[in-house]
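Quick notes on the structure that follows.
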Amino acid sequence: MQPDTARLRELDRSVLWHPFTQQQGWSEEDAPIIAHARGTTLHDTDGNTYIDGVSSLWCTVHGHRHPSIDAAVRRQLDQVAHTTMLGLSHPAAIELGAKLVDLAPPGLQRVFYSDSGSTAVEVALKMAYQWWAQQGEWWRTRFVSLKHAYHGDTIGSVSVGGIDLFHGCYRPLLFESVQAEPGDLASMEALLRDGGEEVGAVIVEPLVQGAAGILVHPEGFLRGVRELCDRYGVLLICDEVAVGFGRTGTMFACEQEDVSPDFLCLAKGLTGGYLPLAATLTTERVYEGFLGAFEELRTFFHGHTYTGNPLACAAALATLEVFERERTLEHLRGKIALLGELLDRHVAPLPAVAEIRRRGFMVGIELGGFPLEARLGHQVTLAARRRGAIVRPLGDTIVLMPPLSIEARDLRRLVEITADAIAEATGAGALAEAA
Ligand SMILES: *Cc1c(COP(=O)(O)O)cnc(C)c1O
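Going by this note's numbering, the first residue of the sequence shown is number 117, and it counts up by one from there.
Set out below in structure tokens:
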């Protein structure tokens, strides 16, 4: 270990508190300290290299240090790093807004910026409620969401969350939401029928519920949800924070079922994984519900300090340009097919693998029947790391979500390393040791 790593690690242990991390185990583990990266390779302070198997938590799109995105951020840095969207505007936010409206499903014509997936969802929930209230139907305080849903970590987004491990503790603090069975339109319809006039909106992650463990919905489910929302006269919020920007094979997941939601929430891949930025897109109908003389108090009183940050908007514009110039989605098709073949060949035959769920470049490998305290998913992560790949599990589901730019050679290595890591961590010897 290099001296710098030892000092940093000690400092990390004495001052930091990591997200979604049980700190009690953290100090016994020598987690890599990432110093720099290029393409799909991460380098740590000891000189080890790793394939970025989860796109630095589902957001890197065209790889790290992409020359065009780097250059765009530098150019913006020479203009201004931050200026507010409250009462002012700036070129990058305007250009990006126009681009997003162009790309989004038809009807989404207004762009409201914020900083994270959680805030993109908060904005949609608050807009939906306030829109109804300003239509005179202030009693529509209830949201319909899906079981196992994940929409972020702020109190509003947790209120529509459905993962007990993450959300259960906070129930007493949350507003009301009722949860339908994923993939089951009848259960959704029952909630809309029984909820009657109290339901304002339905919120779903289209096609794939990411944090639930890459739960893939049956074909037609999303379209069915849209039809139910129309029939019962409620708004539809599509949270594409995870599935947006190519992850499922198309720019947005909604496209695959020809669905236009009333709200589209975007974050993670929006800046190519460079900077925190989010956008909530909505329709002219919703937008108009907020217009009026100031004293009517129909303003949307919401806005974060760094909303629409120029550096982040510049990174997002460059990210969208790279999609076009490098024909990213076209090249992705072959990689999606290859990923499927590799998983069939190397991972599916392993006895510990109960199920592989996949849509496009989002993969969940569920390991079957291991006790919570064995922390099998975590053991696989450690074994993969020793072999040169970074993956992060959701419980005992190993997630693979490489950057769209990954080359065939690295994709092959990533799947092989994952298979070897699963075999090592679930081998008879390893399990006896864990027990
Ligand atoms: C990650 C995620 C969020 C939250 O985004 P943050 O930027 O972490 O706040 C919301 N919704 C979905 C579907 C996500 O995967």
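Each residue gets a CB set at the ideal place from its N, CA and C atoms; glycine is no exception.
Computed from a predicted model, the values in this text were never measured in an experiment.
| said: So the candidates are Pro148, Asp146, Tyr166 and Phe406; which of them puts its Cα closest to the Cα of Pro518? | reply: Tyr166
| query | What residues in its chain sit with their C-beta under 6 Å from that of Ser376, if we drop five residues either side in the sequence? | reply | If we look at Ser376 and ignore the five residues flanking it on each side, its Cβ neighbours are Pro221, Pro222 and Gly223.
| field | Beta-bridge partners of Tyr229, as assigned by DSSP | value | Ala395
| Per-residue DSSP class, three states only, for Val332 | strand
| said: For a test of the three-state rule: what should DSSP assign to Ser234, helix, strand or coil? | reply: helix
| said: What does the Cβ neighbour count give for Asn425, buried or exposed, with the cut at 16 atoms within 10 Å? | reply: Classification of Asn425: buried, given that the 10 Å Cβ count is 16 or more.
| Within the 8 Å Cβ cut-off, does Leu458 reach chain D? | As a matter of chain content, chain D is missing from the structure shown, which is built from one protein chain.
| With DSSP run on the structure shown, which of helix, strand or coil describes Cys354? | When DSSP states are grouped into helix, strand and coil, Cys354 belongs to the strand group.
| message | Bridge partners for Gln295 per DSSP, in chain order? | response | Ser261
| query | So which residues touch the region around ligand 1, with touch meaning a C-beta under 5 Å from any heavy atom? | reply | My final list is Ser232, Gly233, Ser234, His267, Gly268, Glu321, Gly326, Asp355, Val357, Ala358 and Ala383.
| To which residues of the same chain is Glu305 closer than 6 Å at the C-beta, ignoring the five residues directly before and after it? | Leu344
| Who are the near neighbours of Gly365 in its chain, counting only those whose CB is closer than 8 Å to its CB and skipping five residues on each side? | Gln372, Leu445, Leu448, Arg449, Ile452, Arg475, Gly476 and Phe477
| query | Anyone know if the C-beta pair for Phe299 and Pro334 falls short of 8 Å? | reply | The residue you asked about is not Phe; residue 299 is Gly in the sequence shown. Cβ distance < 8 Å, so Gly299 and Pro334 count as in contact.
| task | Locate the beta strand (DSSP E) running through Glu471, then write down its first and last residues. | result | Following the DSSP letters along the chain, one finds Glu471 inside the beta strand (DSSP E) bounded by residues Val469 to Arg475.
| Best match in Glu482, Leu241 and Ala468 for proximity to Gly543 [C-alpha to C-alpha] | Ala468
| task | List in chain order: all unbroken alpha helix (DSSP H) runs of 4+ residues lying wholly within the segment 422-449. | result | 426-441
| query | Looking only at C-alpha atoms, which of Leu393, Asp536 and Ile481 sits nearest to Asp512? | reply | Ile481
| message | Do Ala428 and Thr387 count as a contact pair if the criterion is CB distance below 8 Å? | response | yes
| said: Suppose the cutoff is 6 Å on Cβ atoms and the five residues either side in sequence are ignored; what does the same chain contact list for Val294 look like? | reply: Excluding five sequence positions before and after Val294, the CB atoms of its chain that fall closer than 6 Å to its own CB belong to Val260 and Leu307, given in chain order.
| request: Scan the segment 165-198 and note each continuous beta strand (DSSP E) run of 3 residues or more that stays entirely inside, going in chain order. | output: 165-168
| message | Just checking Ala240 against ligand 2 - is the residue's beta carbon closer than 7 Å to any of the ligand's heavy atoms? | response | Inclusion of ligand 2 in the displayed structure is not the case, the ligand content consisting of ligand 1 alone.
| said: Can you tell me whether Thr513 is helix, strand or coil according to DSSP? | reply: Annotated three-state conformation of Thr513 is strand, per DSSP.
| request: Could you pull the start and end residues of the beta strand (DSSP E) that His462 belongs to? | output: Element bounds for His462: n/a, residue is neither H nor E.
| query | Taking the alpha-carbon positions, what's the Lys263 to Val438 distance? | reply | So the alpha carbons of these two residues sit roughly 36 Å apart.
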